[in-house]
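Q: According to the numbering used here, the sequence shown holds residues 24 to 205 in order.
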Amino acid sequence: MKKGIRMLAEGGLTIALSLALSYLKIPVVGLGGSIDFVMVPLIIYAYRWSVWPGLLVGCAFGTLKFFLAGGTAVNWQSMLLDYSVAYAFVGFAGLVRRKDGLLPVAALLGGIGRFLIHFVSGITIYAEYAEPTADFFGMSIATPNAILFSVVYNAMYMLPNTIIAIVVCALLIRPVKLLDRF
């Protein structure tokens, strides 16, 4: 019983911290996307408690982020995919649950999980925005189809987010390990 209460309390704190961090962001691409630290608490939570709790907390965070932190969507499907499901997939960081020193690997798994959902959203919902060439940071990049458009577009913010999460999680290996003592 005590373990369940602790998991629930940590889940609430994780969602609150990620929401607070969602306001500290660097906007990246004209249609959306930003660089921030929101994945770090979600990754640490999934790493500590495993995949299913990580998926649930990520989904709850993503849904709240849409409604409370200025989320944008073209329809309800894009809201679900780009927020609720994408952040839920950060929970796949829990696949390496509490394996010594693998918190950066957990960050990589969480980043890949989120990228995959944004990619699917890009080739299904946002395919109509794919143009023969797209302007990314003043560079004209050939994007002849929706698949390439989605990869390039989502990589512009997900690659930096994933790298940031990996680096921060590498720096937090020892402090996160100390949490197990309590």
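Ideal Cβ placement from N, Cα and C applies to all residues, glycine included.
Only a predicted model underlies this, so the values are computations on that prediction, with no experimental measurement involved.
DSSP has residue 58 in a bridge; who is on the other side?
A: Paired residue(s): 49.
Q: From which residue to which residue does the alpha helix (DSSP H) around residue 86 run?
A: Residue 86 -> alpha helix (DSSP H) spans 74-91.
Q: Comparing alpha-carbon positions, which option in 168, 91, 111, 46 lies nearest residue 34?
A: For the residues 168, 91, 111, 46, the minimum Cα distance to residue 34 belongs to 111.
Q: So residue 173 is in the alpha helix (DSSP H); what residue range does that whole segment cover?
A: Unbroken alpha helix (DSSP H) run through residue 173: 169-194.
Q: Under the three-state reduction of DSSP, which class applies to residue 42: helix, strand or coil?
A: It is helical.
Q: Looking at the unbroken alpha helix (DSSP H) that takes in residue 101, where does it start and where does it end?
A: Per DSSP, residue 101 belongs to the alpha helix (DSSP H) from 99-102.
Q: Would you grab the beta carbon distance between residue 183 and residue 58 for me? Rounded to a whole angstrom, and I think it's under 8 Å.
A: Confirmed, about 5 Å.
Q: For residue 99, collect the residues of the same chain with a Cβ closer than 6 Å to its Cβ; drop the 5 residues on either side in sequence, then sort them by chain order.
A: Hits under 6 Å: none found.
Q: From what residue to what residue does the alpha helix (DSSP H) around residue 130 run?
A: Unbroken alpha helix (DSSP H) run through residue 130: 126-147.
Q: Are the beta-carbon atoms of residue 188 and residue 63 separated by less than 9 Å?
A: Yes, Cβ-Cβ distance for residue 188 and residue 63 is below 9 Å.
Q: Restricting to Cα atoms, I'd like to know which of 123, 129, 177 is closest to residue 139.
A: For the residues 123, 129, 177, the minimum Cα distance to residue 139 belongs to 177.
Q: Suppose you measure from the CA of residue 135 to the CA of residue 191; what does that come to, to the nearest Å?
A: Rounded to the nearest angstrom, the two C-alpha atoms are 16 Å apart.
Q: Less than 6 Å between C-beta atoms, sequence neighbours within five positions excluded: which residues of the same chain meet that for residue 108?
A: If we look at residue 108 and ignore the five residues flanking it on each side, its Cβ neighbours are 140.
Q: Going by C-alpha distance, which of 50, 106, 55 is nearest residue 85?
A: Answer by Cα proximity: 106.
Q: Would the beta-carbon of residue 133 fall within 9 Å of that of residue 66?
A: Taking 9 Å as the Cβ cut-off, residue 133 and residue 66 qualify as a contacting pair.
Q: Any idea if residue 56 is buried or exposed, counting beta-carbon neighbours within 10 angstroms, 16 or more meaning buried?
A: Buried, by the Cβ-count rule.
Q: So, for residue 120: in the same chain, excluding its five sequence neighbours on each side, which residues have a beta-carbon less than 7 Å away from its beta-carbon?
A: Around residue 120: 70, 73.
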